[in-house]
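Counted from 1, the sequence shown has number 62 at position 62 by full-length UniProt numbering; the numbering is strictly sequential.
Every residue gets a Cβ at the ideal spot worked out from N, C-alpha and C, and that includes glycine.
Below you'll find the structure, written out as structure tokens, and then a few comments.
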Amino acid sequence: KLEEAKKRALNFELESSKYKVENKKLLKPLQDAEQKVMELERQRELLEKEKQSFVNIKKNLAKSVKDLDELKSGHTTLEIAYEKVKQERDDLRERFVDAILEVQQKSNLRSVVLESRVNQLRSDLELRDVQLGELVAMADQEVASVQPINVKLEELLATKN
């Protein structure tokens with residue numbers, strides 16, 4: 001029995017030693033596999049983060065595109081309004097220039113008419129002065145006595161005009 005126990009112990013030791021050697025052989029591939037699993041897990045986490053980041057970027061892009069479309073629409077509306085206001089300004093400027101030219105023409109015409117009337121009145125006044133001078137000479141009156149008559153005639157002519 002002792003021998004049998006020794007034999008079993010020796011067999012057990014041989015088997016144990018054989019398993020230890022086999023264990024040592026399998027330890028390196030196991031460590032490599034565990035390391036690979038850790039690396040793949042890390043890559044999976046990075047991919048999940050990138051996927052979430054991509055989803056967020058996609059949402060932001062969609063919002064930015066929508067905002068850009070709204071801004072383009074607003075810009076187009078403002079451009080149309082600007083062109084309308086610009087056209088109104090140009091029309092007003094043209095009407096203003098036309099009105100100024102018309103006023104200048106009327107003013108020039110009135111000036112010519114008034115100048116003509118003034119010249120006519122002067123010549124009429126000169127004629128009357130000559131006629132009055134002849135009357136005074138005929139009547140042998142003094143110039144001083146005719147002066148009030150001249151003033152009255154000038155006043156009368158001024159009120160007529």
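Cα-Cα separation between residue i and residue j, rounded to whole angstroms
i      : j      : result
Gln104 : Glu70  : 50 Å
Leu14  : Lys1   : 19 Å
Ser107 : Glu134 : 40 Å
Glu34  : Lys28  : 10 Å
Val21  : Glu39  : 28 Å
Lys25  : Ala9   : 24 Å
Phe54  : Lys18  : 53 Å
Gln87  : Val112 : 37 Å
Leu68  : Val37  : 45 Å
Lys84  : Thr77  : 11 Å
Within 8 Å, strictly: CB atoms of residue i and residue j
i      : j      : result
Leu156 : Arg128 : no
Integer-rounded CB distance, given that residue j should sit under 8 Å from residue i
i      : j      : result
Leu132 : Asn150 : 7 Å
Residue i versus the options, residue with shortest Cα-Cα distance
i      : options                 : result
Leu121 : Ala99, Ala158 and Val85 : Ala158
Q) Which runs of the alpha helix (DSSP H) fall wholly inside the UniProt domain "Growth arrest-specific protein 8" (2 to 161) and span at least 4 residues, in chain order? A) 2 to 139 and 143 to 160
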